[in-house]
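J.: Questions regarding the structure given below will be posed in turn.
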Amino acid sequence: MIHDRRSALSAYASGLLSAGRTVFTAEEARDALGVGHGAFLDAAERLQRREALLNPRQGFYVVVPPQFAAWGAPPPTWYVDALMRHEGQAYYVGLLKAAEFHGATHQAVMEFQVVSAKRLPRIRAGRSLIAFYFRKDLGPVAAGVESRKTDTGVMKVSSAALTALDLLRYPQASGGIDMIDTVVADLALKIDPDQLAALSGAVERPVVQRLGHLLEHLGHEALTGAMREALRSREPLPWTELDRQARADPDFRREPQKRDPRWRVVVRGAPESDA
8 MIHDRRSALS AYASGLLSAG RTVFTAEEAR DALGVGHGAF LDAAERLQRR
58 EALLNPRQGF YVVVPPQFAA WGAPPPTWYV DALMRHEGQA YYVGLLKAAE
108 FHGATHQAVM EFQVVSAKRL PRIRAGRSLI AFYFRKDLGP VAAGVESRKT
158 DTGVMKVSSA ALTALDLLRY PQASGGIDMI DTVVADLALK IDPDQLAALS
208 GAVERPVVQR LGHLLEHLGH EALTGAMREA LRSREPLPWT ELDRQARADP
258 DFRREPQKRD PRWRVVVRGA PESDA
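Numbering of the sequence shown is given in the numbering used here, commencing with residue 8 and proceeding in unit increments.
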């Protein structure tokens, strides 16, 4: 009987792959197979040991297609949307991973970065690491979230404008100011200035100041006019650091190299782009 249940779950997973699906919930499988909770968990555990099944969250399973057996899992793009629907959370793929999808990274991105309305622990899925970054309310930045087709459906990805803002909002997740400078230099070519201005009213003021300074430093003044206007209601602007880490690190603490009066940004060392 145990062998039959194990074979039944394996056949069920194979059938999903044949139908173009890679995910299922425990409840769906139990109902389809007519087995109890314990029998299902036993069969699922055996498939996981064979690395034919992945269980990134309780009650949520990802079938590992044969072509990804060596990786231990299909790419997160195949199931991130279903995973976040299972979690019941708004999300978008963001930061350096979104920049990669926009063709604006010069190095392989080590994390699959997701911005979520809930604090979630990281997921190790085969060779992939899915990292979650918290934004309390995704509603105000919804205009900067796009649907993008994947091999198995769709996923939500931040636009070039929202990605640029987020790189400054989460600098440690973005590889530091030099990496941000490099990525923004490429992203700038795809940023919609009107969308950037609209989103600038929905994020923290220092983030807008830093990005405005960085874009003009990179020679993209055409993007910053409407963005600067979005800050008028928040004037007078307090001074903010371009790189907060440089001020906090005693090895880098020094007199500012420059003060940008337009954006009121303190620059202790000009970013060094890899572009």
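Don't be surprised by glycine CBs; every beta carbon is placed ideally from N, CA and C.
Treat the numbers as computed from the prediction; the structure is a model and nothing was measured.
Which of the three DSSP states is assigned to Val71 in this structure?
T.: Locating residue 71 in the sequence shown gives position 64, where the first residue counts as 1. DSSP places Val71 in coil when its eight states are reduced to three.
J.: Start and end of the alpha helix (DSSP H) containing Val161?
T.: Mapped onto the sequence shown, residue 161 falls at position 154. It is not in any alpha helix (DSSP H) - Val161 instead sits in the beta strand (DSSP E) that spans 161-165.
J.: Which class does Lys265 belong to by DSSP, given the choice of helix, strand or coil?
T.: For the purposes of this step, residue 265 is taken as the residue at position 258 of the sequence shown. Note: Lys265 maps to strand in three-state DSSP.
J.: Can you list, in chain order, the residues of its chain whose CB lies under 8 Å from that of Gln55, leaving out five sequence neighbours each side?
T.: For the purposes of this step, residue 55 is identified with residue 48 of the sequence shown, where counting begins at 1. Leu61, Asn62.
J.: Nearest to Ser123 by CA position, among Ala115, Val116, Gly95, is which residue?
T.: To locate residue 123, count along the sequence shown from 1; it is residue 116. For the residues Ala115, Val116, Gly95, the minimum Cα distance to Ser123 belongs to Gly95.
J.: With Ala132 as the anchor, note down where its beta strand (DSSP E) starts and where it stops.
T.: The residue given as residue 132 occupies position 125 in the sequence shown. It spans 130-132 - the beta strand (DSSP E) in which Ala132 sits, taken as one unbroken run.
J.: State buried or exposed for Val121, treating a residue as buried only when at least 16 other CB atoms are found within 10 Å of its CB.
T.: Here residue 121 refers to the residue found at position 114 of the sequence shown. It counts as buried.
J.: Alpha carbons only, please: which of His109, Val71, Asp185 is nearest the one belonging to Val274?
T.: Taking the sequence shown and counting its residues from 1, the one referred to as residue 274 is at position 267. If we check each option's Cα against that of Val274, Asp185 comes out closest.
J.: Near Gly266, what residues of its chain come up, given a Cβ to Cβ distance below 8 Å and the 5 sequence neighbours on each side ignored?
T.: The residue given as residue 266 occupies position 259 in the sequence shown. With the sequence shown as reference, residue 266 is identified as Arg, and Gly is not the correct amino acid for it. Same-chain partners within the cutoff: Trp246, Val272, Val273, Val274.
J.: Mind checking whether Val161 and Ser154 have CB atoms under 8 Å apart?
T.: What you label residue 161 is simply residue 154 of the sequence shown in a count that begins at 1. What you label residue 154 is simply residue 147 of the sequence shown in a count that begins at 1. Going by C-beta atoms, Val161 is nearer than 8 Å to Ser154.
J.: Straight-line CA distance for His283 to Val71?
T.: With the chain covering 8 to 282 only, the question about residue 283 has no answer from this structure.
J.: Give me, in chain order, the residues of the same chain whose beta-carbon lies closer than 6 Å to that of Ile187; leave out the 5 immediate sequence neighbours on both sides.
T.: Counting from 1 along the sequence shown, the entry for residue 187 is found at position 180. If we look at Ile187 and ignore the five residues flanking it on each side, its Cβ neighbours are Leu174, Ser181.
J.: If I measure Cβ to Cβ from Val116 and keep anything under 6 Å in the same chain, skipping five residues before and after, which residues do I get?
T.: Within the sequence shown, numbered from 1, the residue matching residue 116 stands at position 109. Taken in chain order, the residues that qualify are Leu103, Lys104, Glu107.
J.: In chain order, what are the residue ranges of uninterrupted alpha helix (DSSP H) at least 4 long that sit wholly in the segment 26-90?
T.: Here the runs fully enclosed are 33-40, 44-56.
J.: With a cut-off of 8 Å on the beta carbons, I'd call Pro81 and Phe75 a contact; round off their distance for me.
T.: Residue 81 sits at position 74 when you count from the first residue of the sequence shown. Residue 75 sits at position 68 when you count from the first residue of the sequence shown. Confirmed, about 5 Å.
J.: By the DSSP assignment, the alpha helix (DSSP H) with Glu236 in it spans what residues?
T.: Reading the sequence shown from its first residue, position 229 is the one you call residue 236. First-last of the alpha helix (DSSP H) with Glu236: 232-236.
J.: Assign Ala209 to one of three DSSP states: helix, strand, or coil.
T.: Locating residue 209 in the sequence shown gives position 202, where the first residue counts as 1. Residue state, collapsed to three classes: coil.
J.: What does the Cβ neighbour count give for His44, buried or exposed, with the cut at 16 atoms within 10 Å?
T.: Within the sequence shown, the letter at position 37 stands for residue 44. It is exposed - the Cβ of His44 has fewer than 16 other Cβ atoms within 10 Å.
J.: Give the secondary structure of Arg12 by DSSP, where H, G and I count as helix, E and B as strand, and everything else as coil.
T.: Position 5 of the sequence shown, counted from the first residue, corresponds to residue 12. Reliability fails at Arg12, whose pLDDT of 49 lies under 50, so the model's placement of it is uncertain and no value is given.
J.: From Arg64 to Glu58, what does the alpha carbon distance come to, in whole angstroms?
T.: Residue mapping note: residue 64 aligns to position 57 of the sequence shown, counting from 1. Residue mapping note: residue 58 aligns to position 51 of the sequence shown, counting from 1. Going from the Cα of Arg64 to the Cα of Glu58 covers about 16 Å.
J.: Who are the Cβ neighbours of Leu221 in its own chain at under 6 Å, not counting the five residues just before and after it?
T.: Numbered from 1 along the sequence shown, position 214 holds the residue referred to as residue 221. Contacts found: Val191.
J.: What are the boundary residues of the alpha helix (DSSP H) that includes Ile184?
T.: As a first step, residue 184 must be located in the sequence shown, where it is residue number 177. 184-194 is the span of the alpha helix (DSSP H), which, as asked, contains Ile184.
J.: Select from Arg176, Leu145, Gln179 the residue whose C-alpha is nearest the C-alpha of Leu164.
T.: For this step, residue 164 is matched to residue 157 along the sequence shown. Just to set this straight, residue 164 is Val in the shown sequence, not Leu. Minimum Cα distance to Val164 is reached at Leu145.
J.: Are there 16 or more other CB atoms within 10 angstroms of the CB of Ala277, so buried, or fewer, so exposed?
T.: Along the sequence shown, read from residue 1 onward, the residue named residue 277 stands at position 270. Exposed, because fewer than 16 other Cβ atoms sit within 10 Å of the Cβ of Ala277.
J.: Going by DSSP in three states, Lys104 sits in which element: helix, strand or coil?
T.: By one-based count along the sequence shown, residue 104 stands at place 97. Lys104 falls in the helix class under three-state DSSP.
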